[in-house]
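Residue numbers (the working numbering): 881 to 1553. All residues carry an ideal CB built from backbone N, CA and C; glycine is no exception. Data block below; observations after.
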């Protein structure tokens, strides 16, 4: 008798399939799991059997999933309780929230408005750090000459999990205006047990202060100045008198170069030029002179206003004013410093009809290399310009990834601050109003949140308005209702249903603009965005500095009782739940107010030269108090609301008429069927 037949006798197809999965070698199983498209698929596979569950839930499986679906993200070093499954959940949650406009805003501002010199409110300079091991978030910002710090512990109630610290500048002899903070960075040094604060001021002071929440908080750990030099400094014009006076600090950038033995480098833009420092490696060094200075002190018109490290301590991007070549490269070599103009892509200039204009110096933002590029060591650069364009370019040599973005509705809007999430999307902050825009880099993605939703023959709804695309691209599915179960033999990838295929197309994924002004407190209504920061690429919140306030943006549905991401997110901060005293525990004298923005979808985001002299119809504005035009008290099934392109707080009944089931449901409700 055939023993194999005896062994499988009485087993159905599901049991045989389960036995086949259990017999797979772990390496083969990882390859199978890597090709699954969603976390839902992985979790469903884990339910097959205990052995399969053990393989799926292993850290290696989820690590492969993150690297496959989010290859452009920089994952911070992690030794804490969060495993790779939590990181995968955080990244998929993040994608879904951005695509559906599920963002919640909370403004933090002084409870008592302090009148500054000339009646001007401060422009906050913000930075944030989240320690994955301890779950501690450290938020810092410069409020004029003062320093504000908020510590927030994940997993603890707000009354006990939030602490504030303040350093009042006038207590140290500092004055508003002259001694205002121009740059702030959180720095993590190996020999320190907690992060430190790098603070640069208008008066030229550049110091490293303790950010550890104890009695030494705010103590100076190091000072950076050419005054501390004992001899010639590389890059300085010979025979120049020493010491050199550092009269103002405009910007600073910090790099932890892991390829150079975790050496932490600093570049500071001052009245002298771009000064390059190394951070101390112990507690014995407190007076630090620059290793080199790109000397621009003798230039009467040209000044270096900003600098960013480009992936290593050998290359810097510089933003200058007063020159026809405002974007330059600074190469750091053993023999000295070399400065030269950034590469110009003639193809891009011709296609997008670009003119030579000034750069917005605060906008420099390195971008992770896109998946598939040969060289991932040096990032691309994103920058904003005075003509309203946001340009992505390889500053060393022309690249096929070079392109130009622009607001399709208001092409002249200038964005003075930029922030990226890997090579997936970026956020731009307006320099003349309280407004931020989310842009998609328009590159093929490895993960789409709509893949986890049910199949269907409907188009994505509600209908999208694209100012410069007359009609949607052709539907390759011809109305297919369900995805093919085995797409591996389909060389054209034409196996998806209409809903899943079209939901991936750029046409149905427009960019969005969030207008905050109307819902801010009255005294903040004329604010502009000063900077944008996040802790890391996996963060489910980020911060917007606006005139006189800091706005926290959390990802999550506006009408959900568990609105924050459970792995790395925080509930919305409410100052009213904090004790009023200003000290180690308290709200730091700051009040909070929820902000409900109006949202407008603003097209595909690529620059269109026709935009300058053509009238463009304004798209509709979504707001949280938007009322449905049809007064029909009925509940829309969850299977329809989940497939809606927007957050549930923006949905109205009319949106579902475009979907057959919603149309039939409406007719049935009206008794017209």
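When you compare each of the options to residue i by their alpha carbons, which one comes out closest?
i: residue 1265; options: 1480, 1274, 1236; result: 1236
i: residue 1409; options: 1397, 946, 1402; result: 1397
i: residue 1082; options: 1002, 1270, 1180, 1071; result: 1002
i: residue 1242; options: 1334, 1341, 1149; result: 1149
i: residue 1071; options: 1286, 1056, 1159; result: 1159
i: residue 1175; options: 1228, 1238, 1106, 924; result: 1106
i: residue 1171; options: 1200, 1164, 1111; result: 1111
i: residue 1145; options: 1161, 1130, 963, 1152; result: 1161
i: residue 1017; options: 1163, 1034, 1480; result: 1034
i: residue 1037; options: 1479, 1534, 1457; result: 1457
i: residue 1069; options: 928, 1045, 1102, 1055; result: 1102
i: residue 1493; options: 1212, 1272, 1288, 1054; result: 1288
i: residue 1357; options: 1500, 1348, 1384, 1245; result: 1384
i: residue 1532; options: 1353, 1389, 1375, 1343; result: 1343
i: residue 1300; options: 1278, 1262, 1400, 1098; result: 1262
i: residue 944; options: 927, 968, 954; result: 968
i: residue 1620; options: 1226, 1143, 1108, 913; result: Outside the shown range of the chain (881 to 1553) lies residue 1620, about which nothing can therefore be said.
i: residue 1362; options: 1350, 1337, 1341, 1345; result: 1337
If you draw a straight line from the C-alpha of residue i to the C-alpha of residue j, how long is it?
i: residue 1220; j: residue 1247; result: 21 Å
i: residue 1079; j: residue 1005; result: 10 Å
i: residue 1515; j: residue 1311; result: 42 Å
i: residue 1296; j: residue 1314; result: 12 Å
i: residue 1517; j: residue 1476; result: 26 Å
i: residue 909; j: residue 921; result: 14 Å
i: residue 1008; j: residue 1043; result: 15 Å
i: residue 1104; j: residue 1190; result: 22 Å
i: residue 932; j: residue 1413; result: 40 Å
i: residue 1173; j: residue 919; result: 50 Å
i: residue 983; j: residue 1216; result: 47 Å
i: residue 1209; j: residue 1187; result: 9 Å
i: residue 1075; j: residue 1089; result: 9 Å
i: residue 916; j: residue 1325; result: 14 Å
i: residue 1512; j: residue 1534; result: Note that residue 1512 scores 46 on pLDDT, short of 50, meaning its location in the model is unreliable; the coordinates nonetheless yield the value given after this. Their backbone Cα atoms lie some 10 Å apart in a straight line.
i: residue 1519; j: residue 1355; result: 23 Å
i: residue 950; j: residue 1273; result: 22 Å
i: residue 1479; j: residue 1394; result: 5 Å
i: residue 1023; j: residue 1154; result: 25 Å
i: residue 1045; j: residue 939; result: 38 Å
Hey, could you find the ends of the beta strand (DSSP E) residue i is sitting in?
i: residue 1320; result: 1315-1320
i: residue 1262; result: 1260-1264
i: residue 1425; result: 1421-1426
i: residue 1189; result: 1183-1189
i: residue 1174; result: 1172-1175
i: residue 1021; result: 1016-1023
i: residue 1149; result: 1143-1150
i: residue 989; result: 983-990
i: residue 945; result: Careful: residue 945 lies outside any beta strand (DSSP E), inside the alpha helix (DSSP H) at 939-949.
i: residue 1104; result: 1100-1104
i: residue 1283; result: 1283-1285
What does the Cβ neighbour count give for residue i, buried or exposed, with the cut at 16 atoms within 10 Å?
i: residue 1485; result: buried
i: residue 1206; result: buried
i: residue 1167; result: exposed
i: residue 1432; result: buried
i: residue 974; result: buried
i: residue 1592; result: Given that the chain is displayed from residue 881 to residue 1553, the structure contains no residue 1592 and the question cannot be resolved.
i: residue 832; result: Residue 832 is absent from the model: the chain starts at 881 and stops at 1553.
i: residue 987; result: buried
i: residue 1100; result: exposed
i: residue 1302; result: buried
i: residue 934; result: exposed
i: residue 1536; result: buried
i: residue 906; result: exposed
i: residue 1400; result: buried
With DSSP as the reference, identify every bridge partner of residue i, one or two as the case may be.
i: residue 1327; result: According to DSSP, residue 1327 bridges with nothing at all.
i: residue 1535; result: DSSP, once it has assigned bridges, lists no residue as partnering residue 1535.
i: residue 1046; result: 1028
Return the first residue and the last residue of the alpha helix (DSSP H) that residue i is part of.
i: residue 930; result: 930-936
i: residue 1394; result: Where residue 1394 is concerned, there is no enclosing alpha helix (DSSP H), although the beta strand (DSSP E) it sits in stretches over 1392-1395.
i: residue 973; result: 964-979
i: residue 1383; result: 1378-1383
i: residue 1559; result: Residue 1559 lies beyond the residue range present for the chain, which begins at 881 and ends at 1553; the question has no answer from this structure.
i: residue 911; result: 906-914
i: residue 1227; result: 1226-1231
Counting contacts by CB-CB distance shorter than 8 Å, is residue i in contact with chain D?
i: residue 1020; result: In summary, chain D is missing from the structure at hand, where a single protein chain is found.
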